[in-house]
Amino acid sequence: PSKARMFEALIEFIEDTVFGLINRILDEQPTAQARCEAILGVLLGFAARNPGLSRILVGDALTGENERLRTRIMQFYDRLETQLKQILREAESKGELPIGNPSAAAANLMLATVEGRMNQFVRSGFSQSPLERWDQQWGLLSASLFPPR
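Per this note's numbering: the sequence shown = residues 2 to 150.
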């Protein structure tokens with residue numbers, strides 16, 4: 002139980018840190034594109050600065066642990082995806098994105114990309130930074146998700 006409590010505390014730290022930064026981003030960034038870019042950058046930067054916590058975020062460190070811990074991580078990602086969808090839907094209502102924009106698919110694609118980068122980081126033994134080539138990758142991703150209007 003004490004090991005599970007330690008993981009619970011670490012997951013809570015991850016949630017508090019990441020969502021605290023996301024709330025600041027929502028206050029400071031005016032456009033959906035800037036908000037999404039900043040949120041994804043926060044996730045990748047957090048992973049790069051905290052390799053041990055990256056192992057928790059990708060589930061690697063939770064193998065063989067209580068299922069409740071894996072559920073907490075799933076809820077963390079669900080909450081992130083919901084936040085991205087909300088940003089995209091608000092952008093659509095403000096005219097930043099075309100009506101009928103596939104916000105659920107776009108949010109899922111952004112999150113899957115970031116999760117993949119974090120998995121590569123863990124799988125490489127932390128030698129391949131999740132931020133490596135991220136600027137170029139974001140450029141490719143954002144060009145399709147946020148077409149010029």
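The beta carbon of each residue, even a glycine, is placed where N, CA and C say it ideally should be. Please read all numbers here as calculations on a predicted model, not as lab measurements.
Classify residue i: buried if its beta carbon has 16 or more other beta carbons within 10 angstroms, exposed otherwise.
i      : result
LEU146 : buried
GLN76  : exposed
SER128 : exposed
GLU38  : buried
GLN84  : buried
What's the C-alpha gap between residue i and residue j?
i      : j      : result
LEU81  : ILE40  : 9 Å
ILE26  : VAL43  : 9 Å
ILE15  : ASN24  : 14 Å
MET119 : PRO99  : 31 Å
GLN87  : GLU13  : 23 Å
ASP17  : ALA107 : 25 Å
SER55  : LEU45  : 9 Å
Report yes if the C-beta distance between residue i and residue j is below 8 Å; otherwise report no.
i      : j      : result
PHE20  : LEU63  : no
MET111 : LEU142 : yes
ALA10  : GLU66  : no
Would you please state the rounded distance, in angstroms, between the beta carbons of residue i and residue j? I believe it to be under 8 Å.
i     : j      : result
ALA35 : GLU91  : 13 Å between Cβ atoms; not a contact.
VAL59 : VAL115 : That belief does not hold up - the Cβ atoms of VAL59 and VAL115 are roughly 11 Å apart, past 8 Å.
Enumerate, from N- to C-terminal direction, the unbroken alpha helix (DSSP H) stretches of 4 or more residues contained entirely within the region 83-126. 104-124
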